[in-house]
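Notes to accompany the following structure.
Residue numbers (the numbering used here): 136 to 437.
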């Protein structure tokens, strides 16, 4: 039996055809009402646990490289700040309460992140959007582990993987259904390739140098040949790697600015294919069938 909306409360709230964490619904609505994108803005779009922390670090490094923010310098902000502190989530960091923040004084390019579907965002056609998506099996596994860590912090009862998996397959997950969310950005990237870049987590893992350069070019700040020859891209790949970020003291902290969530909870493994250590063969087959039915007709594969 598919989970009903009632059984998903109070964890999730259903709004405008999507599921959201109930506690941040006000931030979702406020973002829609008050966020006004500028042409020079950069928006990083992800489903939770699809590489958000990593994408923030990469984009921040690309946009702010040079001077004190150079990858190889000892005072790079990423060494002492969580990527979540440097690149705020619209609906969670900036618009969750009152008063509504005044962002007009922020110098361009303004760098923001969001988990919202593109159809629910007031994104102008000229705004740059980078969407990072991850294999749904690994996305689910990572989200389930993350949710249960939050429940431990909040002294709440954990949810079983079987129950969470059934919800996910029925389209009930944070900022989901997962399929709708991914396909929106995929189709938008095909329609507006100059403004929307679609990346796969697995491709970024496999060829980080190539995709760092590709992202930099898309964002309008490509790496000159001199930077590449001097190892700037190599340094940036190392700086933003999972192993390096997860071992920084700031990212081991039990403090955090995203709804009070400890920074350490955002780092687990980051491996491709880790879901096989959690999902049964039946679960894998079920999810693979859904993925094929949802994505294959539009040429998207994971």
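For every residue, glycine included, the Cβ atom is placed at its ideal position computed from N, Cα and C.
Are the beta-carbon atoms belonging to residue i and residue j less than 9 Å from one another?
i, j, result
"residue 256", "residue 178", "yes"
"residue 321", "residue 214", "no"
"residue 227", "residue 162", "yes"
"residue 416", "residue 274", "no"
"residue 271", "residue 317", "yes"
"residue 188", "residue 212", "no"
"residue 264", "residue 351", "no"
"residue 429", "residue 314", "yes"
"residue 374", "residue 194", "no"
"residue 173", "residue 234", "no"
"residue 421", "residue 304", "yes"
"residue 101", "residue 299", "Only positions 136 to 437 of the chain appear in this structure, which leaves residue 101 out of reach."
"residue 254", "residue 326", "no"
"residue 427", "residue 419", "no"
Buried or exposed for residue i, going by 16 or more other Cβ atoms inside 10 Å?
i, result
"residue 252", "buried"
"residue 364", "exposed"
"residue 224", "buried"
"residue 231", "buried"
"residue 171", "exposed"
"residue 241", "exposed"
"residue 334", "buried"
"residue 156", "buried"
"residue 196", "buried"
For the candidate residues the options, whose alpha-carbon lies nearest to that of residue i?
i, options, result
"residue 166", "250, 353, 361, 316", "250"
"residue 340", "146, 354, 383, 268", "268"
"residue 408", "338, 430, 435", "338"
"residue 329", "348, 298, 355, 304", "355"
"residue 216", "376, 384, 266", "384"
"residue 377", "336, 349, 229", "336"
"residue 366", "200, 151, 158, 424", "200"
"residue 301", "325, 319, 276, 292", "276"
"residue 346", "182, 164, 190", "190"
Below 6 Å CB to CB, which residues in the same chain sit around residue i once its five sequence neighbours on both sides are set aside?
i, result
"residue 176", "245, 262"
"residue 353", "332"
"residue 441", "The chain is shown only over 136 to 437; residue 441 falls outside these bounds and no answer can be derived."
"residue 283", "293"
Under 7 Å Cβ to Cβ from residue i, same chain only, skipping five residues before and after it: list those, please.
i, result
"residue 344", "368, 372"
"residue 296", "279, 413"
"residue 151", "255"
"residue 229", "223, 236"
Ignore the nearest five residues each way along the sequence and tell me which others in residue i's own chain have a CB closer than 8 Å to its CB.
i, result
"residue 154", "143, 147, 148, 306, 307, 308, 309, 310, 311, 312"
"residue 348", "357, 358, 363, 368"
"residue 159", "226, 227, 231, 394"
"residue 435", "317, 318, 321"
"residue 379", "373"
"residue 198", "177, 244, 246, 354, 356"
So, is the C-beta of residue i closer than 9 Å to a C-beta in chain C?
i, result
"residue 256", "Checking the listed chains, one finds no chain C in this structure; it contains a single protein chain."
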